[in-house]
Amino acid sequence: MRLTSINDITRQHRHIFLAPHLDDIVYSCGGTLGVQVSSGLHPLVITAFAGGPRPGQQLSSLALQVVRDWGASDAQSALRVMEERRKEDSAALDYLQADYLWLDYPEAIYRGNPGYYTSKEQLMGGEVHPDDRVLDRELGNMLVELRDRLPDTVWYAPLGVGHHIDHQIVCSAADRLVQRGAKVYFYEDFPYVQRDPGALEKRLQELGGAFEYNLVEISEMMPLKLEAADMYRSQIDSNFGSRETMHRLIDNYARDIRPVETIRLERYWLTR
């Protein structure tokens, strides 16, 4: 069920998943959502960057390059794409029976005039623009306020593997929860984590500190996860090339965490 306000979040939401984008949680944690729902829990997904460009906004060359993969050519058509992506997210999370809340921060490609990020190298691996630090603070403050209201909540946040700017911001905001003693499980950002075999270890070293991992078996939930991933139709070609490739990559990654043919897992990292 879609929530419309932070005020709609209640104590029944004991597990809150923080998503930079509309597809991230299903790709990275969809099996865990299924396990929790089957156990009678009410997981909640909060997506930070669910907003599009301003009407009439002059899109940067990078934004145009990205949105053309989605069949858009200007701000107006990019807004239509975002509306379609929200419908996809609703379908997937309703299918998994998870609650969800969309924040209206625009994605990185739409921020700044001129744009803060001018190349895919900056978007995926660059430094967060100084003017974007306000988003980090605002998100962090919102999460801390929620944590104070819901002290028993368990949180799930992106580890930031792949260094997408929006993933870095949400990871940093979630660190404020860690600093206040909240239990935060950091998930492995899919599909970025499977594109570079050394990316996960590199990211853990960058974050410093000591981490221990927690495994969630999702073997029975894998068909459910794949069906939910199918619902993000607009993202399949640009992220994976085909539905068949997406299924293979998701299944292989879940198997290779602990290579047993019949076992599928999702892995989370917790600071010691």
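Each residue of the sequence shown is one higher than the one before, counting from 0 in numbering that gives the first Met the number 0. Cβ atoms here follow ideal geometry from the backbone N, Cα and C, with glycine treated the same way.
Simplified DSSP state of residue i, which is helix, strand or coil
| i | result |
| --- | --- |
| phenylalanine 48 | strand |
| asparagine 213 | strand |
| valine 259 | coil |
| aspartate 135 | helix |
| histidine 246 | helix |
Close-in-space but distant-in-sequence residues of the same chain around residue i (CB under 8 Å, 5 per side omitted)
| i | result |
| --- | --- |
| aspartate 151 | Arg10, Arg13 |
| leucine 40 | Arg13, His14 |
Limits of the beta strand (DSSP E) - the one that residue i falls within
| i | result |
| --- | --- |
| valine 183 | 182-186 |
| leucine 264 | 264-270 |
| isoleucine 5 | Run containing isoleucine 5: none; DSSP gives neither H nor E here. |
| proline 222 | Proline 222 -> not in any beta strand (DSSP E); alpha helix (DSSP H) instead, spanning 221-229. |
Endpoints, the alpha helix (DSSP H) within which residue i is located
| i | result |
| --- | --- |
| leucine 61 | 60-67 |
| histidine 166 | 164-178 |
| valine 80 | 74-95 |
| valine 198 | A quick correction: the sequence has alanine, not valine, at residue 198. Where alanine 198 is concerned, the enclosing alpha helix (DSSP H) stretches over 198-206. |
| tyrosine 26 | 23-37 |
From the options, residue whose alpha carbon lies closest to that of residue i
| i | options | result |
| --- | --- | --- |
| alanine 181 | Gln35, Leu92, Leu269, Arg1 | Leu269 |
| tyrosine 267 | Ala172, Pro157, Tyr231, Ile45 | Pro157 |
| alanine 228 | Glu137, Tyr26, Ser4 | Tyr26 |
| leucine 225 | Val259, Gly39, Asp22 | Asp22 |
| arginine 53 | Ile108, Thr46, Leu264 | Ile108 |
| methionine 230 | Arg67, Met245, Met0 | Met245 |
| glutamate 106 | Asp131, Val153, Phe210 | Asp131 |
| tyrosine 212 | Gln75, Tyr186, Ala172, Glu219 | Tyr186 |
| leucine 134 | Asp165, Gly207, Asp68 | Asp165 |
Own chain partners of residue i with C-beta closer than 7 Å, once the 5 adjacent residues on each side are dropped
| i | result |
| --- | --- |
| arginine 284 | This structure leaves residue 284 out entirely; the chain is present only between 0 and 271. |
| glycine 124 | His162 |
| arginine 84 | Leu21, Ser233 |
| arginine 175 | Gly139, Leu142, Val143 |
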